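Novice:
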Amino acid sequence: MGAKKFWEEVNSLPDKYWDEQKVKVNKDTIYLNHFINKTKEGVFKGLNNDLLFELGKELKFYKGIPEIFEKTKKIVEENSVFQEYNIKVEHYIVSTGMKNMIEGSIIKKHVEGIWGCELIQIKDKDNNWEISEIGYTIDNTSKTRAIFEINKGINKNPEYNVNAKIKEGNRRVLFKNMIYIADGPSDVPAFSVIKKGGGSTFAIYPKSNQKAFKQVEKLREDNRVDMYAEADYSEGTTTYMWITNKIEKLAQNIVNEEKVN
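With the sequence shown counted from 1, adding 990 to any position gets you this note's numbering.
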C-alpha cells in the first residue's frame, strides 16, 4: 500500500466511523489504529517497533536540522557569563508521530527527551513481533501534559507527579524560559499554555505552501504565536535568527534576574 492511499483512508475514517456507528475518533491518532489494522490484515506484515526504529533513519527534516540544535546550545556554552550562571539550552520533541521512528532518526542524539505515540507488540504465529495495540498517545491536548512534565522536571525526576503542586519559581524549566516551535492547528493548546506562562511561540510553514502559510498567519492573528517564518533552520534565515536571538535574550534575562536576587 502506498503512502497516498494509506493517508487518504486515514483521513476518511472520522466520517466513516461517525456515519456507520456514530462514534467519535481522535483525528490526531486514528492513524495508529489504521497501522495496526493493516498489520493484522497482512498489508504491513511484520511491522514492529524495531522496524519502526529502522525506518526512522530514513526520516527527512527541514534544512538546518539537526545543525541548529548544537548551534543554539553553543550560544550559551560559549558565553562565559551564561556559564557562570549555569544556564543551559535543552531541546525536546513533542509529537503526534511515532516515538520509535523519531528515536531512530538523526535528531535523537541532539535532544534531551522525546514524547510521541507508542505501540504495544505481540508475537505472531511464527514467533515474530508485530504491533498489536496502542500503548501511549500524544495528541493536541496531551502535548500540554508533556510541556508540564518538562516544566516541573518530571522527565528528570520520575518520582514526581505531574499533578503535584509545585510553586512556579521552584519548577525546573519556567514557562517564560520556554520556546515552543510548531507548524499547525494541533499545537494550539500547547501554544496557549506557553503564551499564558509568558513563554515564546513560533510557527513554521513549508516553502511555497499557501495553505500552511494561511494556517500560521491565522495563528498570528489569533495571538497564538509571536512570530512565524518559512521552515528553514539554516544560518541566516529568519527562523534561525529569531530562535538564536530569542535564546540570547532569555539567557540574558536569567542573568539579570539572578543579579537582582
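Cβ atoms here follow ideal geometry from the backbone N, Cα and C, with glycine treated the same way. Note that the coordinates shown come from a computational prediction; the quantities given were computed from them, not determined experimentally.
Between the C-alpha atoms of Asn1001 and Glu1207, what's the straight-line distance to the nearest angstrom?
Specialist: Spanning the two alpha carbons is a distance of roughly 24 Å.
Novice: Going by Cα to Cα distance, which pick from Arg1135, Leu1164, Lys1146 is closest to Asn1153?
Specialist: Considering only alpha carbons, the answer is Arg1135.
Novice: When DSSP labels each residue in this structure, what does Ala1136 get in the three-state scheme?
Specialist: Ala1136 falls in the helix class under three-state DSSP.
Novice: Using a 10 Å radius around the Cβ and a threshold of 16 neighbouring Cβ atoms, would you call Trp1105 buried or exposed?
Specialist: By the 10 Å Cβ count, Trp1105 comes out buried.
Novice: Would you decide whether Lys1308 is buried or exposed? Buried here means 16 or more other CB atoms lie within 10 Å of its CB.
Specialist: Absent from the model: residue 1308. The displayed extent of the chain is 991 to 1251, so no value can be given.
Novice: Where do the N-terminal and C-terminal ends of the alpha helix (DSSP H) with Lys1025 fall, by residue?
Specialist: Checking the sequence, you will find Phe at residue 1025 rather than Lys. Phe1025 -> alpha helix (DSSP H) spans 1020-1030.
Novice: For Glu1102, does the three-state DSSP call read helix, strand or coil?
Specialist: Reduced to three states, the DSSP call for Glu1102 is coil.
Novice: Please report the straight-line C-alpha distance between Asp1177 and Gly1187, rounded to a whole angstrom.
Specialist: Cα-Cα distance, rounded: 16 Å.
Novice: Going by DSSP, what residues sit across from Trp1119 in a beta bridge?
Specialist: Answer is Lys1113.
Novice: Can you pull the DSSP bridge partners for Glu1211?
Specialist: In DSSP, Glu1211 forms no bridge with anything.
Novice: Considering Cα atoms alone, identify which of Gln1242, Leu1003, Glu1102, Pro1196 is closest to Phe1025.
Specialist: That would be Leu1003, whose Cα lies nearest to the Cα of Phe1025.
Novice: Tell me which residues share the same chain as Ile1156 and place their Cβ nearer than 6 Å to its Cβ, disregarding the 5 neighbours each side in the sequence.
Specialist: So the list reads Lys1142, once near-sequence residues are dropped.
Novice: Assign Met1088 to one of three DSSP states: helix, strand, or coil.
Specialist: Of the three classes helix, strand and coil, the one that applies to Met1088 here is strand, per DSSP.
Novice: Can you confirm whether the segment 1086-1103 touches the segment 1037-1045 when touching is taken to mean that 3 or more C-beta pairs between the two stretches lie within less than 8 Å?
Specialist: Cβ pair count under 8 Å is three or more, so yes.
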